[in-house]
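*Asks:* Those sequence lines, one after another, are chains A and B. Per numbering that gives the first Met the number 0, the very first residue in the first sequence carries number 0; after that it's consecutive. Per numbering that gives the first Met the number 0, the very first residue in the second sequence carries number 0; after that it's consecutive. Sharing a structure below in C-alpha cells format, with a few things to ask.
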Amino acid sequence: MAKVHISTTVNGQPMDVLVEPNDSLLDTLRDGLGLTGTKEGCATGDCGACSVMLDGRLVCSCLVLGAEAEGKTIDTIEGVADGDGLHVIQQKFLEHAALQCGICTPGFIVAAKALLEKNPNPDETTIRYWLAGNLCRCTGYDKIVRAVQDAADELASPA
Amino acid sequence: MGDYAYAAPASVDSTIELLSSSADSGTRTQVLAGGTDVLVQMRSNDRGPRLIVDIKQLAETNVLTIGEDEIYIGAAIASAILNENAELKSRLPGLVESADLIGSTQIQGRATIGGNLCNSSPAGDTIPALIANSAVCHIVGSDGERNVPVEDFVTGVGTNCMAPHEFLLGLRVPAPKGNTGDAYLRFIPRTEMDIAVAGAGVRLTLDDSGTCTAARVGIGAVAPTPLLVPEAADALVGTQVDAAALDAAAAACSAAASPITDKRGTVEYRIKVVGVLCKRAGEIARDRAKAS
Chain A
0 MAKVHISTTV
10 NGQPMDVLVE
20 PNDSLLDTLR
30 DGLGLTGTKE
40 GCATGDCGAC
50 SVMLDGRLVC
60 SCLVLGAEAE
70 GKTIDTIEGV
80 ADGDGLHVIQ
90 QKFLEHAALQ
100 CGICTPGFIV
110 AAKALLEKNP
120 NPDETTIRYW
130 LAGNLCRCTG
140 YDKIVRAVQD
150 AADELASPA
Chain B
0 MGDYAYAAPA
10 SVDSTIELLS
20 SSADSGTRTQ
30 VLAGGTDVLV
40 QMRSNDRGPR
50 LIVDIKQLAE
60 TNVLTIGEDE
70 IYIGAAIASA
80 ILNENAELKS
90 RLPGLVESAD
100 LIGSTQIQGR
110 ATIGGNLCNS
120 SPAGDTIPAL
130 IANSAVCHIV
140 GSDGERNVPV
150 EDFVTGVGTN
160 CMAPHEFLLG
170 LRVPAPKGNT
180 GDAYLRFIPR
190 TEMDIAVAGA
200 GVRLTLDDSG
210 TCTAARVGIG
220 AVAPTPLLVP
230 EAADALVGTQ
240 VDAAALDAAA
250 AACSAAASPI
260 TDKRGTVEYR
270 IKVVGVLCKR
280 AGEIARDRAK
290 AS
C-alpha cells in the first residue's frame with residue numbers, strides 16, 4: 000500500500016508521520032507517534048476511550064483516518080497535564096477515585112476538559128449527557144460525574 | 000484486489016474526475032464525509048480495499064447558508080455545527096433534532112446529514128425529517144448536476160440512486176415561511192444512542208385560522224427505505240390538526256409501513272408505534288407552526 004505522508008500538530012508540536020491509507024488516527028497516534036495514552040476500546044465509536052480533540056472538537060480517533068489529520072491540530076491526553084503538574088480534572092479523578100482499571104480514563108478526561116471549556120458550569124444532567132459517549136464498566140459513573148463537578152467548581156473559584 | 004488508498008481532492012471537478020476514472024478502471028471507491036459509518040464498515044463485515052475519496056476539503060461541501068427561499072446544508076457539515084447554529088435551529092428545529100439524536104458528543108463532531116443519507120439505512124434518523132421538509136439532494140457527477148427529492152434517493156437497504164461517478168454535494172431545504180413547523184420523533188428503548196425502532200417526521204403550514212394548508216410526513220425504520228406518506232399529509236391538510244386528523248394521519252402511517260421483525264421490534268409493534276410517533280410529531284409541528 001502506498002503510505003500517505005501527513006504533517007500535523009499534536010499537543011502543540013509539529014509532527015510528520017507516514018500512515019497507511021486505512022489506518023485510523025488512533026493507530027497513527029499509538030503506533031506511528033508512540034502516544035499510547037489514548038486507548039482503544041471498541042474501535043467502532045461506541046465507547047469513547049479513544050477521545051481526542053481534532054481542531055478543537057471532541058472526536059473518537061478510531062473513527063478518523065490518520066490521513067485526515069493532514070494540516071490539523073490534535074490534542075491528546077498526553078497534553079492535558081502541565082509537565083508533572085496534573086490538570087485539575089486529573090487531580091479530581093484521583094481524589095474521587097473516579098477510575099479503577101483506567102482504560103476509559105484518558106477518554107473521560109479529554110471529554111470532560113472539552114465540556115468545561117465549552118460550559119464552565121454544567122449541571123449534572125449536562126455532564127451525564129455530554130459524557131454519554133464514554134463508557135466505564137468499573138465505576139458506575141457517579142464518581143466520575145462528581146469528579147467533573149468538583150473540577151468545575153475548583154476552576155470557577157481556585158482554592 | 001487492489002490496495003487501500005486515500006485521496007482528498009481540492010476541487011469538485013477533480014473529485015468527479017477521480018470518481019469517474021476509478022469507475023472506468025474498476026477500482027472500488029467510497030466517498031468519505033464524517034466517516035462515522037465508513038470507518039465502522041471498514042472494520043466490520045466489509046474490509047475489502049478501496050479508494051477513500053474524502054470530500055471534506057471542498058469549499059462547496061462546507062457551505063451552510065440560510066437564504067430567503069432555501070436553506071443549503073453542505074454534505075460535509077457536522078451535526079455539531081448544525082446544532083450550534085441558533086438560526087438554523089429556530090427555522091428547522093425538527094431537522095436539527097433528527098441530526099442531534101444520532102450518537103454521542105464525539106459522533107456529533109464528525110457525523111453529517113449528507114453521510115446519514117448516503118449510508119441509506121432504512122433507520123437513518125435524518126431521512127424522514129429531510130423528506131418531511133421536502134429536501135432535495137444536490138448531486139454532481141460527470142454528467143453535470145442534478146437534483147433528486149430525498150424520498151426518491153434511497154433505493155433499498157444501503158443503496159441509493161447515485162452512479163459511481165457521482166457524489167452528494169449538499170442538501171437544499173425549502174426555507175419555512177411563517178406559520179410553519181417541523182418535528183421528528185423516533186422510538187428507541189433507551190434514552191439515547193440507539194438505532195430507531197421507528198421514526199416519523201412531520202412539517203406543517205397553517206393559515207391564520209389554524210387550518211393546515213400544507214403537510215409532509217416521512218417515516219423511517221418501518222420499510223426497506225424511508226418513505227414519504229402522502230396519505231398522512233392528506234389527512235392533515237384542511238383540518239385544524241386536531242386529534243381526529245392526527246389519528247387519521249397515524250393510521251395512514253401504520254398502513255404505509257411494511258416493517259420486519261428483528262431484535263429491536265416486531266412487525267406489529269413497529270406498525271403501531273410509527274402511527275403514534277406521527278401523531279406526536281404532528282402535535283409538536285402544529286404547535287411550532289402556531290408559534291412561528
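In this text, a Cβ means the ideal position worked out from N, Cα and C, and glycines have one as well. Since the model is a prediction, treat every value here as computed from it, not as a measurement.
If we require 3 or more residues per run, which beta strand (DSSP E) segments fall completely within the segment 178-219 of chain B?
*Replies:* Segments of the beta strand (DSSP E) lying fully in the segment 178-219 of chain B: 179-186, 197-205, 211-219.
*Asks:* Measure the beta-carbon distance from B:V358 to B:F166 and round it to whole angstroms, keeping in mind my assumption that it falls under 8 Å.
*Replies:* The shown model of chain B, from 0 to 291, leaves out residue 358 of chain B, and the question about it has no answer.
*Asks:* Would you identify the three-state DSSP class for B:L168, choosing helix, strand or coil?
*Replies:* B:L168 falls in the strand class under three-state DSSP.
*Asks:* Excluding the five sequence neighbours on either side, which residues of its own chain have a C-beta within less than 8 Å of the C-beta of B:M0, listed in chain order?
*Replies:* Low local confidence applies: a pLDDT of 43 at B:M0 is under 50, so the model's placement there is unreliable, with the coordinate-based value given in what follows. Within the same chain, B:M0 has close Cβ partners G47, P48.
*Asks:* What are the start and end residues of the beta strand (DSSP E) that includes B:T28?
*Replies:* Start and end: 28-31.
*Asks:* Is it buried or exposed, B:T28, if we count other Cβ atoms within 10 angstroms and call 16 or more buried?
*Replies:* Buried, since its Cβ has 16 or more Cβ neighbours within 10 Å.
*Asks:* Just verifying my parser: in three-state terms, what is the DSSP assignment at B:Y5?
*Replies:* Note: B:Y5 maps to strand in three-state DSSP.
*Asks:* Please list, in chain order, the chain A residues whose beta carbon lies closer than 8 Å to that of B:Q239.
*Replies:* Chain A residues near B:Q239: none, gap ~36 Å exceeds 8 Å.
*Asks:* My output table needs one value for A:V16: the three-state DSSP class, helix, strand or coil.
*Replies:* A:V16: strand per DSSP, three-state reduction.
*Asks:* What do you get for A:G11, buried or exposed, if any count of 16 or more other CB atoms within 10 angstroms of its CB means buried?
*Replies:* Per the 10 Å Cβ criterion, exposed.
*Asks:* With a CB to CB cut of under 6 Å and the five nearest residues on each side skipped, what residues in its chain are close to A:G132?
*Replies:* Result list for A:G132: G47, in chain order.
*Asks:* Note the first and the last residue of the continuous alpha helix (DSSP H) segment covering B:D233.
*Replies:* That run of the alpha helix (DSSP H) goes 229-235.
*Asks:* When Cβ atoms are compared, which residues of the segment 133-156 of chain A fall closer than 7 Å to chain B?
*Replies:* So nothing in the stretch comes that close.
*Asks:* Within 10 angstroms of its Cβ, does B:R171 collect 16 or more other Cβ (buried), or is it exposed?
*Replies:* Buried is the call here.
*Asks:* Any idea if B:P127 is buried or exposed, counting beta-carbon neighbours within 10 angstroms, 16 or more meaning buried?
*Replies:* Buried: at least 16 other Cβ atoms inside 10 Å.
*Asks:* Any beta carbon from chain A within less than 8 Å of B:T104's own beta carbon?
*Replies:* It does; some Cβ of chain A falls within 8 Å.
*Asks:* The alpha helix (DSSP H) with B:C117 in it runs from where to where?
*Replies:* Where B:C117 is concerned, the enclosing alpha helix (DSSP H) stretches over 112-118.
*Asks:* In the segment 54-72 of chain A, which residues sit with their C-beta less than 8 Å from some C-beta in chain B, listed in chain order?
*Replies:* Taking 8 Å as the Cβ-Cβ cut-off against chain B, the residues of the segment 54-72 of chain A that qualify are R56, L57, V58, C59, C61, L62, V63, L64, A66, E67, E69.
*Asks:* May I have the straight-line CA-CA distance separating A:A42 from A:L62, to the nearest angstrom?
*Replies:* The alpha-carbon atoms of A:A42 and A:L62 are separated by roughly 8 Å.
*Asks:* Grouping DSSP H, G and I as helix and E and B as strand, with all else coil, what is A:P105?
*Replies:* Helix, per DSSP.
*Asks:* Are the segment 83-99 of chain A and the segment 150-158 of chain A in contact at 8 Å, needing three or more beta carbon pairs?
*Replies:* Touching, per the Cβ criterion.
*Asks:* Hey, is A:T104's beta-carbon within less than 8 Å of any beta-carbon in chain E?
*Replies:* Structure shown: chain E not included; protein chains present are A and B.
*Asks:* From the DSSP secondary-structure annotation, give me the bridge partner or partners of B:T64.
*Replies:* DSSP, once it has assigned bridges, lists B:Y71 as partnering B:T64.
*Asks:* Kindly identify the DSSP beta-bridge partner or partners of B:E144.
*Replies:* According to DSSP, B:E144 bridges with B:V139.
*Asks:* Pick helix, strand or coil for B:A162, following the three-state DSSP scheme.
*Replies:* Three-state DSSP puts B:A162 in coil, outside helix and strand.
*Asks:* Using a C-beta to C-beta distance shorter than 9 Å, which residues of chain A count as neighbours of B:D193?
*Replies:* Those do not exist, as B:D193 stays about 11 Å from chain A at its closest Cβ, beyond 9 Å.
*Asks:* Are the CB atoms of A:A68 and A:T27 within a distance shorter than 8 Å?
*Replies:* Their beta carbons are under 8 Å apart, which means A:T27 touches A:A68 by this criterion.
*Asks:* For B:T111, which residues from the same chain have a beta carbon less than 8 Å from its beta carbon, with the 5 sequence-adjacent residues on both sides left out?
*Replies:* Closer than 8 Å at Cβ, skipping near neighbours: A32, G33, A74, A75, I76, A77, S78.
*Asks:* Output, in chain order, the set of chain B residues within a Cβ distance shorter than 8 Å of A:E39.
*Replies:* Per Cβ cutoff of 8 Å: no residues; A:E39 is ~11 Å from chain B at best.
*Asks:* If you measure beta-carbon to beta-carbon, which residues of the segment 20-48 of chain B are closer than 7 Å to chain A?
*Replies:* Answer set for the segment 20-48 of chain B: G34, T35, L38, V39, M41, R42.
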